[in-house]
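Reading through the structure tokens given below for one structure.
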Amino acid sequence: MLRAGTPSSDVHLDEDDDPRAFHLGIERDATLVACVSFSPQLLLDRPGVDAWRFRAMAVDERHQGEGLGRVVLLAGFDRLRARGVPLVWAKARDTALGFYERLGMVVVGDGFVDEATALPHHVVVREPI
Ligand SMILES: CC(C)(COP(=O)(O)OP(=O)(O)OC[C@H]1O[C@@H](n2cnc3c(N)ncnc32)[C@H](O)[C@@H]1OP(=O)(O)O)[C@@H](O)C(=O)NCCC(=O)NCCS
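Structure (structure tokens):
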């Protein structure tokens, strides 16, 4: 799902090996149907801020539109807020910008084409979380 229709099928991220990273998912009938991964990563425009980034946000296409994306992402935001993290950000594909805006994120900066997916993206930020 994460890489469907893109040139890359590699869903391993370097940040997966960061011991501070955490990964959230939702299971239905013992099958993973939603996922997202969080790790600490500075936002270039805000070098002095303890920022975390999330990646690999995806919901099984058979379960999209059921609110699972919202549940798994807000669960991550809750954890960051509880740790006192002030800012969370992501590189969002343009087709998903409306989803992130519904969850209180703001689009910042110019659009760009992501290397792995070759899809147009923007950075989205939520601050405070
Ligand atoms: C984008 C994605 C994660 C959304 O997950 P989801 O479970 O379908 O979203 P939800 O049902 O939780 O939707 C939450 C809200 O966002 C809205 N929304 C969901 N996807 C949207 C989209 N692509 N554009 C605009 N709004 C969207 C919903 O209508 C809902 O609005 P509401 O507050 O009025 O109810 C999912 O569609 C997906 O995995 N897409 C393919 C992979 C992808 O694009 N991942 C993001 C990479 S940056």
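Position 105 (the sequence shown) corresponds to 103 in the numbering used here; numbering is contiguous.
Even for Gly, the Cβ is constructed at its ideal location relative to N, Cα and C.
Inter-residue Cα distance where the pair is residue i and residue j
{"i": "Arg114", "j": "Thr4", "result": "Note that residue 114 corresponds to Ala in the displayed sequence, not to Arg. Those two C-alpha atoms are separated by around 8 Å."}
{"i": "Pro45", "j": "Glu59", "result": "36 Å"}
{"i": "Arg81", "j": "Leu72", "result": "14 Å"}
{"i": "Val69", "j": "Val106", "result": "24 Å"}
{"i": "Ser7", "j": "Ala116", "result": "12 Å"}
{"i": "Leu41", "j": "Val83", "result": "13 Å"}
Contact test: residue i Cβ vs ligand 1 heavy atom, cutoff 8 Å
{"i": "Gly109", "result": "no"}
{"i": "Arg101", "result": "Reading off the sequence shown, one finds Leu at residue 101, where the question assumed Arg. Yes, since a heavy atom of ligand 1 falls inside the 8 Å radius drawn around the Cβ of Leu101."}
{"i": "Arg91", "result": "yes"}
{"i": "Phe75", "result": "no"}
{"i": "Gly23", "result": "no"}
{"i": "Arg68", "result": "yes"}
Identity of the residue in the options nearest residue i by Cα
{"i": "Val57", "options": "Val121, Arg26 and Arg51", "result": "Arg26"}
{"i": "Met(-1)", "options": "Ile24, Pro17 and Ala54", "result": "Ala54"}
{"i": "His120", "options": "Pro126, Ile127 and Ala88", "result": "Ala88"}
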